[in-house]
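Visitor:
In the UniProt record's numbering, the protein residues as written are 1 to 232.
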């Protein structure tokens, strides 16, 4: 009697390539300010720092330049792109256009309340962080909400565009984190957006999100301008 066929073990996830590793590591160094704005590094220096050959580092730098995080300079390696108040104004103009559209798309789904656990968890984490006055935890939950919203909206190109400019603004958000009032208003605004999405109210979700983005962006740009810092 033939024995029952054995099931194949699930295939292991593909290991990231050397270029993907270099991209992830360099991006983290830039966003965490370990490679500060304006910093210049030779390709060979970065390869030595990461323990990789120059080829994957070169590929990673090309990708980071496409994402607006570095500028490749011939014979000088790369330079970390600084962010000024004018840059943040442009970034928020982009976000003001795209993110409300993502909220509307999400609310227009056949079952708008389905799969929103991720956004609800982010809202709850914001509320808990606010109560604990933990600004860094709040910022992490805020990023999780915005990332979750665009990834769930069903438009991959929209999500990719939003996350690219979102990454560009990371340093500015971290710079203003301690200067802003406790984000009670933003926390409540996120919850109201989520409620509108879950209720299947696309126009309301879009408008609430647009108001939130406009207000928070104006607040952040104003803080940068008042700080007197030329760029971040």
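Ideal placement from N, C-alpha and C gives every residue a C-beta, glycine not left out.
All of these numbers come straight from a predicted model, not from anything done at the bench.
According to DSSP, what are the bridge partners of residue 55?
Guide: Here residue 55 refers to the residue found at position 55 of the chain shown. DSSP, once it has assigned bridges, lists no residue as partnering residue 55.
Visitor: Give me the residue from 168, 85, 207 with the minimum Cα distance to residue 219.
Guide: The residue given as residue 219 occupies position 219 in the chain shown. The residue with the shortest Cα to Cα distance from residue 219 is 85.
Visitor: Please state the DSSP three-state secondary structure of residue 133.
Guide: Indexing the chain shown from 1 puts residue 133 at position 133. Looking at residue 133 - three-state DSSP - the assignment turns out to be coil, as it is neither helix nor strand.
Visitor: What span of residues does the beta strand (DSSP E) with residue 83 cover, start to end?
Guide: Taking the chain shown and counting its residues from 1, the one referred to as residue 83 is at position 83. That residue, residue 83, is in no beta strand (DSSP E); it is neither H nor E in DSSP.
Visitor: Tell me the residue span of the beta strand (DSSP E) that contains residue 67.
Guide: The residue you call residue 67 lines up with position 67 of the chain shown. No beta strand (DSSP E) holds residue 67; DSSP gives it neither H nor E.
Visitor: Can you check which of these residues, 21, 138, 207, 23, is closest to residue 177 by C-alpha distance?
Guide: Within the chain shown, the letter at position 177 stands for residue 177. Checked all of 21, 138, 207, 23; the closest Cα to residue 177 is 138.
Visitor: In whole angstroms, what separates the C-alpha of residue 171 from that of residue 31?
Guide: Counting from 1 along the chain shown, the entry for residue 171 is found at position 171. Counting from 1 along the chain shown, the entry for residue 31 is found at position 31. Using only the alpha carbons, I get a separation of about 6 Å.
Visitor: Can you name, in chain order, every residue of its own chain whose Cβ lies under 7 Å from the Cβ of residue 103, other than the five neighbours on each side?
Guide: Numbered from its first residue, the chain shown carries residue 103 at position 103. For residue 103, where only same-chain residues beyond five positions count, the Cβ hits under 7 Å are 149, 193, 197, 205, 206, 209.
Visitor: Cβ atoms of residue 144 and residue 122: under 9 Å apart, would you say?
Guide: On the chain shown, residue 122 is found 122 positions in, with the first residue counted as 1. On the chain shown, residue 144 is found 144 positions in, with the first residue counted as 1. The answer is yes: Cβ separation under 9 Å.
Visitor: Can at least three beta-carbon pairs, one atom from the segment 40–48 and one from the segment 72–88, be found at a separation below 8 Å?
Guide: Contact between the segment 40–48 and the segment 72–88 is present, because at least three Cβ pairs lie under 8 Å.
Visitor: Take residue 215 and list the residues in its own chain whose beta-carbon comes closer than 7 Å to its own, dropping the five residues that flank it on each side.
Guide: Position 215 of the chain shown, counting from 1, holds the residue named residue 215. For residue 215, where only same-chain residues beyond five positions count, there are no Cβ hits under 7 Å.
Visitor: According to DSSP, is residue 178 part of a helix, a strand, or is it coil?
Guide: For the purposes of this step, residue 178 is taken as residue 178 along the chain shown, with counting starting at 1. Reduced to three states, the DSSP call for residue 178 is coil.
Visitor: Tell me the rounded alpha-carbon separation between residue 230 and residue 136.
Guide: Residue numbering aside, residue 230 sits at position 230 when the chain shown is read from its first letter. Residue numbering aside, residue 136 sits at position 136 when the chain shown is read from its first letter. Going from the Cα of residue 230 to the Cα of residue 136 covers about 24 Å.
Visitor: Rounded to a whole number of angstroms, what is the C-alpha to C-alpha distance between residue 225 and residue 164?
Guide: By 1-based counting over the chain shown, the position of residue 225 is 225. By 1-based counting over the chain shown, the position of residue 164 is 164. Whole-angstrom Cα-Cα distance: 23 Å.
Visitor: Check the C-beta distance from residue 71 over to residue 65 and give it rounded, since I have them as a contact under 8 Å.
Guide: Mapped onto the chain shown, residue 71 falls at position 71. Mapped onto the chain shown, residue 65 falls at position 65. Residue 71 to residue 65, Cβ: 6 Å. Contact.
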